[in-house]
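A.B. asks: Below are the structure tokens for one structure; questions will follow.
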Amino acid sequence: MAKNQKAMPALDAAKLRENALTSIRLGVEDFQRSQGGVSPDPARALSSIRNLFAGVLLLFKYKIANGVVDPADAAALIFNPPEILPHPDGNGGVTWQPAARFKDTTIDVATIKKRFDAFGIEMDWDVISKLQSCRNHLEHLHPAHTLGEVADFVAELFPILRDFIHVELEEEPAAILGDAWQIMLLHHDFVADIKEQCDEAWAEAGIPDGMSEWLEACKCSECASALLKPAPENVDAGDTVESDDERFLAMCVKCGHRELIAPMLLEALGKSHTYDPRDGEEPTLELCHECDREAFVVLDQACLWCRCELDYTECEDCGDPLGQEDQVNEGRCSYHAHAYEKFMSED
Ligand SMILES: [Zn+2]
Ligand SMILES: [Zn+2]
Ligand SMILES: [Zn+2]
């Protein structure tokens, strides 16, 4: 029957592999030129992300195609499966049947992930998703903003490619990627060293304990690099982020841009507490009544910046959790405070 013989585009696994490696090599070349010492070329950063993302996906597809013996099975795994379409039976009923042909398009990241899961192939999808969302927003980015971002990607991609090529392809990255591999390796080690120095410096900079986890999310607003360190002038002056937040600066190691670290930390915290009032959701983060910073976590009944906690945490009549605004009622929710007042005045 025609409907079972789903015509499929041809698949050449060796070509898939070659295209993947070429794309990655080009991506690394673009990366190197984008950074290029005296005259960095930001436009190259965009093309680098494009090529790296394409190359990584091709390499993943090659692995999937290579995991089966029959080329027809390989193609079925790589090309998007036929759409399932409704067929009315003429008597008011309907059956669902696949269209005759596989699509000409190949699978996307989400489907690659499903294939990997099915074949038990492990992958750090966080890094891949970051690369993907950057790739998807490329057209809206100012090229200069990606100079630092692409540098971070190349560093983050390095261990992923290394392990994938070793474990899943059972090949030597240096052998199949040549010079591109040496560039990635040197860059990765360089970034790892600087990152360690930055982390050590921040550990001495007096960031409130509850806030330090948000440091990871801070990025230079000029070049989007995550390699930020405490500004030397603040360190020399003995400033702490907690007490001197109005002047404590972060300095981008990549481009030298300086900006206040506290608003970046608070913004990162805020982003993890977004809510939609249209859905009837309540804010989970508030302005702290003690320190005046947007760092009071409602659920924890405590401020991540100044560590202040509530004197009264639950209503002594109904047990409901109390918030900052309930503290004036000295241990009751507004409803029971009101009831209590009424009861006392009637007395
Ligand atoms: Zn920067
Ligand atoms: Zn506070
Ligand atoms: Zn109550």
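The sequence shown begins at 1385 in this note's numbering and counts up by one. All residues carry an ideal CB built from backbone N, CA and C; glycine is no exception.
List the whole-angstrom C-beta distance separating R1417 from L1522, where the pair is believed to meet the contact cut-off of C-beta under 8 Å.
C.D. replies: Contact flag wrong, Cβ pair sits at about 17 Å.
A.B. asks: Closest to A1686 by CA distance: which of D1628, E1651 and Q1708 is it?
C.D. replies: Q1708
A.B. asks: May I have the straight-line CA-CA distance separating S1431 from A1397, to the nearest angstrom?
C.D. replies: 25 Å
A.B. asks: If distances are taken between C-alpha atoms only, which option among R1546, L1436, R1428 and F1486 comes closest to T1406?
C.D. replies: L1436
A.B. asks: Look at the alpha carbon of A1394 and the alpha carbon of D1547, and state the distance between them as a whole number of angstroms.
C.D. replies: When the Cα atoms are used, A1394 and D1547 turn out to be separated by approximately 29 Å.
A.B. asks: Which residues does DSSP list as the beta-bridge partners of W1480?
C.D. replies: Beta-bridge pairing links W1480 to P1470.
A.B. asks: What runs of the alpha helix (DSSP H), each 4 residues or longer, lie entirely inside the segment 1661–1701?
C.D. replies: Counting whole runs of 4 or more residues, the segment 1661–1701 contains no alpha helix (DSSP H) stretch at all.
A.B. asks: What distance in whole Å lies between the Cβ atoms of K1638 and A1721, which are believed to be in contact at a cut-off of 8 Å?
C.D. replies: Between K1638 and A1721 the Cβ distance is about 54 Å, and since that is not below 8 Å, they are no contact.
A.B. asks: Leaving out the 5 sequence neighbours to the left and right, which residues in its chain are closer than 6 Å to N1713 when beta-carbon positions are compared?
C.D. replies: A1721
A.B. asks: Beta-carbon distances below 6 Å to any heavy atom of ligand 3 define the shell here; list its residues in chain order, please.
C.D. replies: C1699, D1701, C1702, D1704, R1716, C1717, Y1719 and H1720
A.B. asks: To which residues does DSSP link C1636 through a beta bridge?
C.D. replies: DSSP, once it has assigned bridges, lists L1612 as partnering C1636.
A.B. asks: Is the distance from the Cβ of V1575 to the Cβ of A1539 below 8 Å?
C.D. replies: V1575 is a Cβ neighbour of A1539, given a cutoff of 8 Å.
A.B. asks: Distance check for N1403 and A1558, CA to CA, integer angstroms please.
C.D. replies: Those two C-alpha atoms are separated by around 17 Å.
A.B. asks: So, with DSSP's three-state summary, where would you put I1578?
C.D. replies: helix
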